[in-house]
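Residue numbers (my numbering): 3 to 108.
And the structure:
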């Protein structure tokens with residue numbers, strides 16, 4: 003096998019392996035982010051319940067409204083990211099294949 007054919011075959015094999023792995027990482031990340039958004043919703047319920055337990059006349063008060071706004075901003079950022087379409091992972095340049103796979107004996 004000619005060296006250029008070996009290099010091309012090797013590059014093709016790597017591309018065939020790497021592209022699905024990269025896509026799997028994207029989907030794993032998106033699933034994890036969706037889980038975080040769900041957990042933030044549960045956390046907001048917990049914050050609301052905790053706010054009901056707070057004493058209004060205490061010397062130092064926790065600002066639950068600021069916390070809720072921050073949680074909303076975080077969840078909104080995650081949801082905005084998740085609503086964006088996933089661009090396919092494509093190499094910026096694809097070399098033409100040689101197409102000659104038969105060696106000729108001389």
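Cβ atoms here follow ideal geometry from the backbone N, Cα and C, with glycine treated the same way. Model, not experiment: these values are computed from the prediction.
Selection from the options that minimises the alpha carbon distance to residue i
i, options, result
"residue 39", "63, 57, 59, 83", "83"
Q.
Suppose only complete runs of 3+ residues qualify. What are the beta strand (DSSP E) ranges in the segment 23 to 75, listed by chain order?
A. none
**Q.** Stretch-stretch touch, CB-based, cutoff 8 Å, three pairs: the segment 56 to 75 with the segment 26 to 39
**A.** no
Q.
Is it the case that the segment 70 to 80 contacts the segment 43 to 56, given that we only count it when at least three CB pairs across the two stretches are under 8 Å?
A. yes
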